[in-house]
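Notes to accompany the following structure.
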Amino acid sequence: MTRTALALALLATPAAADVNIYTTRQPELISPVLEAFTEETGIGVNLAFVEDGLPERLRAEGARSPADLVMVVDIANLAQIVETGAIQPVQSDVLEAAVPEALRDPEGLWFALTTRARVVYASRERVADGEVTTYEALADPEWQGRVCTRSGTHNYNLALLSGMIAHHGEEYARDWAAGLKDNLARRPQGNDRAQVRAIWAGECDISLGNTYYMGQMLADPEQQDWANAVRIIYPEFEEGGTHVNISGIAMTQAAPNREEALQLMEYLVSPEAQAIYAEVNNEFPVLEGAELSDLVASWGSFTPDDVSLAELADHRGAALRIMEEVDFDG
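Mind the numbering: the sequence shown is residues -17 to -1, 1 to 313 in mature numbering (1 follows the signal peptide of the UniProt record, and there is no 0), read in order.
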C-alpha cells in the first residue's frame, strides 16, 4: 500500500467514540480507573457527576439521553434506575464470568463493580473481642444505650434490614428494628463517620458503618483519632454471612456508543481495573483473586452473605415500611 493510500485508509476508519457516564460517585473516586482505560484503549470517557435526581433525569431525557452508562452506589439506587425503564440488558461472557451471580441482575440489567461490608465499628476500650458476632444480637438488651447509627431510612440501613427480612421474615425484622431502636444511645443522625466520632467521644460503644469509611477517616488528619478509637468487626446473619452492598454499573437504553460502553464495562472487571478501583475507594473487588489494597487487607476477612442483591432490592419497600412503623428515627 502506498503512503497516500494508507493515509486515505486511516481517514476512512472512524475513530472510537467517547463513552459518556452519569454517576453519583465523586469523580475523584473513579477517575483513576477511567484514565487507565483511556490509556489502554484510546477511548475517552466523559464523566457527569449527578448528585441528586439521576432517575428523574434519565426519565426526562429518554431516548435523547447522551449517557451510555450509569455508575452508582447501593443496590437501592440501581433498582430505582432500572425502574425508570432507561436501562437495557447486557449480555457479556466476560461480565458473567467475573461478577458472581449474587452480585448482578439476573437479566443483565446491572453488574456490581466493588463491594463494601456493613460492619460494626466497636470501641477498642469498651467492647471486648468476640462480644459482637451477629447482626441479630445488636437488638439484645445488653446493648441498651450503647449503639449509634445514621437514619434508619438511609439506603445503607434499609439494605441491612432487607437482609434481615430475607433471612427471618418481616415480623422478625420488625421486632429486630424495634429492639435496635431501644438500644440507641441517641437519635439517629449524621453519616457513618459521625457515628465513629460519637464512639471516640464516649457517646456510644458500637455503631453500624460501611468498611470504606475507615480508609477515609485514616486519610483525614482531623479524623484519624476517631478511626484509631475503634476496630472493625464483621458480624454475620445467623446461618448467613456478612451483609454487603455494592457500587455498580448499567447501560442505558439510549447508549449512543454501545460498543465502546461495553468495552469499558468489561475492562472494569479486569484484574488491573479491579485493583485500581478497589484501592482508590477502599472497597473490595468483585473479581475473585483480584488484589486487595494493603489497608483493606489489614481489616481482616469475612464471608459475604449469599442472599442475592436482587432479592434485597425486592425487600426494600417492606424495610422502609418497618422503619416508619417503629418510628426508628423518632
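Note that the Cβ used here is the ideal one computed from N, Cα and C, for glycine as well.
Extent of the continuous alpha helix (DSSP H) run through residue i
i: Y5; result: Premise fails: Y5 lies in the beta strand (DSSP E), 2 to 6, not in any alpha helix (DSSP H).
i: E242; result: 241 to 250
i: R47; result: Per DSSP, R47 belongs to no alpha helix (DSSP H) and is neither H nor E.
i: W209; result: 207 to 211
i: L278; result: 277 to 280
i: V263; result: 254 to 264
Three-state secondary structure (DSSP) of residue i
i: E308; result: helix
i: T225; result: strand
i: E219; result: strand
i: T21; result: helix
i: A233; result: strand
i: A(-9); result: Summary for A(-9): the model assigns pLDDT 34, below 50, so the residue's position carries little reliability; its value from the coordinates is reported in the next sentence. Correct three-state label for A(-9): helix.
i: A301; result: helix
i: R109; result: coil
i: G313; result: coil
i: L167; result: strand
i: Q178; result: helix
i: T(-16); result: Only weak support is given to the placement of T(-16): the predicted model assigns it a pLDDT of 41, under 50, and the question is left unresolved by the model.
i: Q71; result: strand
i: P204; result: coil
Residue i at chain C interface by Cβ criterion, 8 Å
i: H226; result: Among the protein chains of the structure shown there is no chain C, as only one such chain exists.
Reference residue i, options the options, closest by Cα
i: W159; options: L247, G173, L143, V279; result: L143
i: V33; options: V16, G25, T21, R8; result: R8
i: G300; options: Y250, L141, D123; result: L141
i: I148; options: G223, R109, P89, E18; result: G223
i: V65; options: R40, P171, A85, P83; result: R40
i: H298; options: A202, E84, S145; result: S145
i: Y195; options: R169, V102, P204, A256; result: V102
i: V2; options: R176, M234, D88, L303; result: M234
i: T97; options: E114, I4, P268; result: P268
i: Y250; options: E108, V28, G152; result: V28
i: T21; options: R214, H151, A256; result: A256
i: E266; options: V279, G272, P254; result: V279
Run of the beta strand (DSSP E) containing residue i, from where it starts to where it stops
i: S190; result: 189 to 193
i: V53; result: 52 to 56
i: V28; result: 28 to 32
Residue i beta carbon near the ligand SAM (any heavy atom closer than 7 Å)
i: E90; result: No copy of the ligand SAM appears in this structure; indeed no ligand is present at all.
| said: With three or more C-beta pairs closer than 8 Å as the rule, is the region 172 to 186 touching the region 203 to 217? | reply: yes
| query | How about the region 55 to 69 and the region 286 to 302: do they share at least three Cβ pairs that are nearer than 8 Å? | reply | yes
| said: Does the structure place the region 114 to 131 close enough to the region 255 to 275 that three or more beta carbon pairs sit under 8 Å? | reply: no
| request: May I have a chain-ordered list of the beta strand (DSSP E) segments no shorter than 3 residues that lie completely inside the region 81 to 142? | output: 94 to 106
| request: Evaluate contact between the region 77 to 85 and the region 236 to 254, counting only Cβ atoms and requiring at least three cross-stretch pairs below 8 Å. | output: yes
| Three or more C-beta pairs below 8 Å linking the region 118 to 126 and the region 157 to 174 | yes
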